[in-house]
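Reviewing the structure listed below.
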Amino acid sequence: MSTPQTQDAALDNQQLAELVARDIPAGAYVNLGIGQPTLVSDYLTPEDDVTLHTENGMLGMGAAAHGEDIDPDLINAGKIPVVETDGCSYFHHADSFAMMRGGHLDCCVLGAFQVDRNGNLANWSTGKPGAIPAVGGAMDLATGAKQTFVMMDLRTKKDQPKLVEQCDMPLTGVGCVSRVYTDRAVFLIEGDGRVVVRETFGATFEQIQQLVPFPLEQA
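Number 235 marks the last residue of the sequence shown (this note's numbering); no jumps.
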C-alpha cells in the first residue's frame, strides 16, 4: 500500500489516521488503542484485508458506526459504537487478552505521552501525584504484538517534546515501539538509539531536528 506524498502542512488527526491505515500490511491482525488510533478503522476497506481485534472481545471490528448503524452492544475498547465486518466473531474478555499476550497480533497502534529513541513507550500514567492510571490493555499489547506503532503529536500542548532521549514517565513497554506517526513526521525506531525520519509534513528535516532533543537520521 502506498503512502501519501509529503504534505505542505502538518497533518490533522484524520490525515494521520489515513496514513497509518495505508501502512498496515494486507492480512494483518491489528488492535487499535483508545484515542487517535481508533480513527484508523475509518480508513480501512475490505480490499485492505486487515482484521481488527478489540480487547473487549471482538474480532472483525469495522469503522465507527453512525446514525441507524449504531448498536449500543457493539463498541470498541474506547466505548465508541462500531459496525461489524463479514465473519465478525465475539469471545470472552480473557480470551481476547490471551490473543494479545500470545503473540497473535501482527500490529497494535497506540497513543503515547512519550516515546524515546530506544523505542520505550510511556502511555498509561504521567507519574504525577494523584494522576489517574489508565493502563487498560496497553502493556499486554505493547509487549504481545509483533509490531507497535504509535500515533501522537510531536509536541505537547506546552510545546515540550514527546519524542525524547529517555522517557521520564512510567513505562508501558520497553523497546517495543518500531514506528512513530506524528503530525509533523514519521519516525522509524531502528534500535541502538537510531531514529530515522521517513517523511515530514509542513517542515524540513532540519526543522524537525530542532523539535527533537537528540540526533536524527534522514531516510
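Each residue gets a CB set at the ideal place from its N, CA and C atoms; glycine is no exception.
Keep in mind it's a predicted model, so treat the numbers as computed, not measured.
Contact holds between the segment 38 to 57 and the segment 111 to 126, because three or more Cβ pairs, one in each stretch, are under 8 angstroms apart.
If you draw a straight line from the Cα of I40 to the Cα of F165, it comes to about 10 angstroms. For the set V180, E34, D28, L187, the Cα lying nearest the Cα of R133 is the one of V180. As a beta-bridge residue in DSSP terms, Q234 pairs with V213. With respect to F203, R214 sits close: the two C-beta atoms are nearer than 8 angstroms.
Taking C-beta atoms under 8 angstroms as the contact rule, N47 and L121 qualify, at a distance of about 6 angstroms. Per the Cβ contact rule, the segment 173 to 187 is not in contact with the segment 108 to 115 (fewer than 3 Cβ pairs under 8 angstroms).
Within the segment 68 to 104, complete beta strand (DSSP E) segments of at least 3 residues are found at 74 to 80, given in chain order.
When the Cα atoms are used, G49 and N92 turn out to be separated by approximately 9 angstroms. Assignment of beta-bridge partners to I205 by DSSP yields V211.
Assigned with DSSP and collapsed to three states, L121 falls in coil, not helix or strand. Going by C-alpha positions, I148 is about 37 angstroms away from G103. Excluding its 5 nearest sequence neighbours in each direction, A26 has C-beta neighbours in its own chain below 6 angstroms: D199, R200, F217, G218, listed in chain order. For M167, the enclosing beta strand (DSSP E) begins and ends at 164 to 167. DSSP places A33 in the helix class (H, G or I) of the three-state scheme.
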